[in-house]
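**Q** After the structure tokens below, expect a handful of questions from me.
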Amino acid sequence: MRIAKRSAASPMDAHAVLKEARALLAPRIEQPARRAFLVRTLSLGGLAMLSGCDLSDDRHVETALSAVSRFNDKVQGWIFDPRAMAPTYPASMITRPFPFNAFYGVDEAPAVSESDYRLEVTGKVADARAWRLEELRAMAQVDQITRHICVEGWSAIGRWGGVRFSDFLARVGADTRARYVGFECADDYYTSIDMATALHPQTLLALTYDGQPLPREYGFPMKLRIPTKLGYKNPKHIQAIFVTDAYPGGYWEDQGYNWFGGS
Amino acid sequence: MIPAADASRSVPAVPRDHAVHPGWLRLTHWLNALAVVVMAASGWRIYNASPLYDFEFPDTVTLGGWLGGALQWHFAGMWLLAANGMLYLLLNISSGRLFRRFFPVSPAGVLRDAWTALRGHLSHQDAHRYNQVQRAAYLFVMLDIAVLVASGLVLWKSVQFGALRELLGGYETARRIHFAAMALLAGFVGLHLVMVALVPKTLRAMVLGR
Numbered sequence: 681m682r683i684a685k686r687s688a689a690s691p692m693d694a695h696a697v698l699k700e701a702r703a704l705l706a707p708r709i710e711q712p713a714r715r716a717f718l719v720r721t722l723s724l725g726g727l728a729m730l731s732g733c734d735l736s737d738d739r740h741v742e743t744a745l746s747a748v749s750r751f752n753d754k755v756q757g758w759i760f761d762p763r764a765m766a767p768t769y770p771a772s773m774i775t776r777p778f779p780f781n782a783f784y785g786v787d788e789a790p791a792v793s794e795s796d797y798r799l800e801v802t803g804k805v806a807d808a809r810a811w812r813l814e815e816l817r818a819m820a821q822v823d824q825i826t827r828h829i830c831v832e833g834w835s836a837i838g839r840w841g842g843v844r845f846s847d848f849l850a851r852v853g854a855d856t857r858a859r860y861v862g863f864e865c866a867d868d869y870y871t872s873i874d875m876a877t878a879l880h881p882q883t884l885l886a887l888t889y890d891g892q893p894l895p896r897e898y899g900f901p902m903k904l905r906i907p908t909k910l911g912y913k914n915p916k917h918i919q920a921i922f923v924t925d926a927y928p929g930g931y932w933e934d935q936g937y938n939w940f941g942g943s
Numbered sequence: 040m041i042p043a044a045d046a047s048r049s050v051p052a053v054p055r056d057h058a059v060h061p062g063w064l065r066l067t068h069w070l071n072a073l074a075v076v077v078m079a080a081s082g083w084r085i086y087n088a089s090p091l092y093d094f095e096f097p098d099t100v101t102l103g104g105w106l107g108g109a110l111q112w113h114f115a116g117m118w119l120l121a122a123n124g125m126l127y128l129l130l131n132i133s134s135g136r137l138f139r140r141f142f143p144v145s146p147a148g149v150l151r152d153a154w155t156a157l158r159g160h161l162s163h164q165d166a167h168r169y170n171q172v173q174r175a176a177y178l179f180v181m182l183d184i185a186v187l188v189a190s191g192l193v194l195w196k197s198v199q200f201g202a203l204r205e206l207l208g209g210y211e212t213a214r215r216i217h218f219a220a221m222a223l224l225a226g227f228v229g230l231h232l233v234m235v236a237l238v239p240k241t242l243r244a245m246v247l248g249r
């Protein structure tokens, strides 16, 4: 199945990215072959073999699957219970070292300058302005040890601290009747979440990892930590936050990952 | 020849000219077969993204082309598997077929029929009766798919289905349960297909009803 809206890289770029990624993705879960989806090999094995037909070119199949994915977004919105808490764990259960994971290698994680850093807050908010890190650090901080679940299946337990996102949204006077909160990041990643999850008490604007300022590879200066969503819904290196009713999509979501991505 | 099933139930609950399998049963069987193929093939692709064990499934037997595509298939196929499975159980229970055709079943009866079958002496004359090995196997596969659905719900929504998550020993344990139940289902399907090849008229009955 070909996924629409894949515009980021030309085939040459994609090849170079893949080659580089293979060189870099040594440490844990990833072997080069497991990143093979980056080159979009279109084998539709199972069904094609059984039925003798190739579903990969069938636009109707692709459209139907996307429609089901949108339906699944709605279902997940209905299932989502704002009072249901993700389990928390003792410090002894933290996964060490906590795995790095992104669509690029660890050496390419952006180095954001603390002094120059500004967080842009725009959209349906009363107080649209740029924030400095000190202002965020001055707000009430919470700390939690939760399980990060990756869409690939693996999971790891980590400790994140920072500002409750609901506190932040209240501070900027966000219209909490708006449908989405969108994020744009220094690594060109982008994603968006539903307002109910944005207001969940465990959703954090994380400034620290394991008691230390968030390291570069985990998203310095700030990431959104959402223990009720999969890893790709936890953007790192956030530079801009906007509140909107217009569906903002996301880097992986626009390629076919489910938008709600909740757990 | 030893009777295939419990001898005390010599009077069939349905007349002999009645279809071996009613229409709803054949329909739900084939829809389930389709759902199982979609779920297994897409599930293997998802597994390959982060293998639990020291092997991967060949891409040619997987569905979806990449992780995102496989996830779309898996989370579409789940509706067919679950809805069709519920319909099957509902009709099977409400019609009395479940109790009529799958019970009684006992370990001794299963061993006896298995031994008879291995010696090639098991009668297939009466397709209206399941022997005890069939009863046990089909009851097992119903339970196994229920375990797949339950563990799948935990993997999909580990926070929202917290009680189920704890029942299955947490997210990571649920992952292993999901894999093991898949492996058992694949084993069942393999055996099932061998048996159909050995007794082809069962395929005819599942397509045409008799």
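Protein chains in written order, with my numbering: chain B, 681 to 943; chain H, 40 to 249. Heads up, the beta-carbon is just placed ideally off N, CA and C, and yes, glycines get one too.
Given this structure, state the Cα-to-Cα distance separating V843 (chain B) from T883 (chain B), to the nearest angstrom.
**A** 9 Å
**Q** Kindly list, in the order they appear in chain H, the residues whose Cβ is closer than 7 Å to that of Q935 (chain B).
**A** G107, listed in chain order.
**Q** Expressed to the nearest angstrom, what Euclidean distance is found between the alpha-carbon atoms of Y937 (chain B) and P779 (chain B)?
**A** 21 Å
**Q** Answer with yes or no whether the minimum CB distance from S872 (chain B) to chain H is below 9 Å.
**A** no
**Q** On the three-state DSSP scale, how would you describe R65 (chain H)?
**A** helix
**Q** Are the stretch 71 to 79 of chain H and the stretch 818 to 831 of chain B touching, with three or more C-beta to C-beta distances below 8 Å?
**A** no
**Q** Where does D807 (chain B) fall in DSSP's three states?
**A** coil
**Q** If you count every other CB in all the chains shown that lies within 10 Å of the CB of R168 (chain H), and 16 or more means buried, which is it?
**A** buried
**Q** In chain H, what lies closer than 7 Å to D761 (chain B) by C-beta?
**A** Q199
**Q** In angstroms with no decimal places, state the Cα-to-Cα distance between Y36 (chain H) and G833 (chain B).
**A** Because chain H here runs from 40 to 249, residue 36 (chain H) falls outside it and cannot be looked at.
**Q** Would you kindly report the start and end of the unbroken alpha helix (DSSP H) that includes D753 (chain B)?
**A** R739 to I759
**Q** According to DSSP, is E710 (chain B) helix, strand or coil?
**A** Low confidence applies here, because E710 (chain B) scores a pLDDT of 42, under 50, leaving its location unreliable and the question unanswered by this model.
**Q** Classify V246 (chain H) as buried or exposed, calling it buried when 16 or more other Cβ atoms lie within 10 Å of its own Cβ.
**A** exposed
**Q** Note the first and the last residue of the continuous beta strand (DSSP E) segment covering K903 (chain B).
**A** K903 to R905
**Q** Answer with yes or no whether the minimum CB distance from V246 (chain H) to chain B is below 9 Å.
**A** no
**Q** With distance defined between alpha-carbon atoms, name the residue in B:L879, B:D934 and B:E897 nearest to I787 (chain B).
**A** It is worth fixing the name first, because residue 787 (chain B) is Asp in this sequence and not Ile. D787 (chain B) has its Cα closest to that of B:E897, out of B:L879, B:D934 and B:E897.
**Q** By DSSP, does M234 (chain H) sit in helix, in strand, or in coil?
**A** helix
**Q** Have a look at W939 (chain B) and D183 (chain H) and give me their C-alpha separation to the nearest angstrom.
**A** 30 Å
**Q** Determine, using beta carbons only, whether D855 (chain B) and V805 (chain B) come nearer to each other than 9 Å.
**A** Result yes, Cβ atoms of D855 (chain B) and V805 (chain B) sit closer than 9 Å.
**Q** How many angstroms separate the CA atom of L187 (chain H) from the CA atom of A220 (chain H)?
**A** Per the coordinates, the alpha-carbon of L187 (chain H) lies some 6 Å from the alpha-carbon of A220 (chain H).
**Q** Rounded to the nearest angstrom, what separates P707 (chain B) and Y92 (chain H) at their Cα positions?
**A** Per-residue confidence for P707 (chain B) stands at a pLDDT of 43, beneath the threshold of 50, marking its modelled position as unreliable; no derived number is given.
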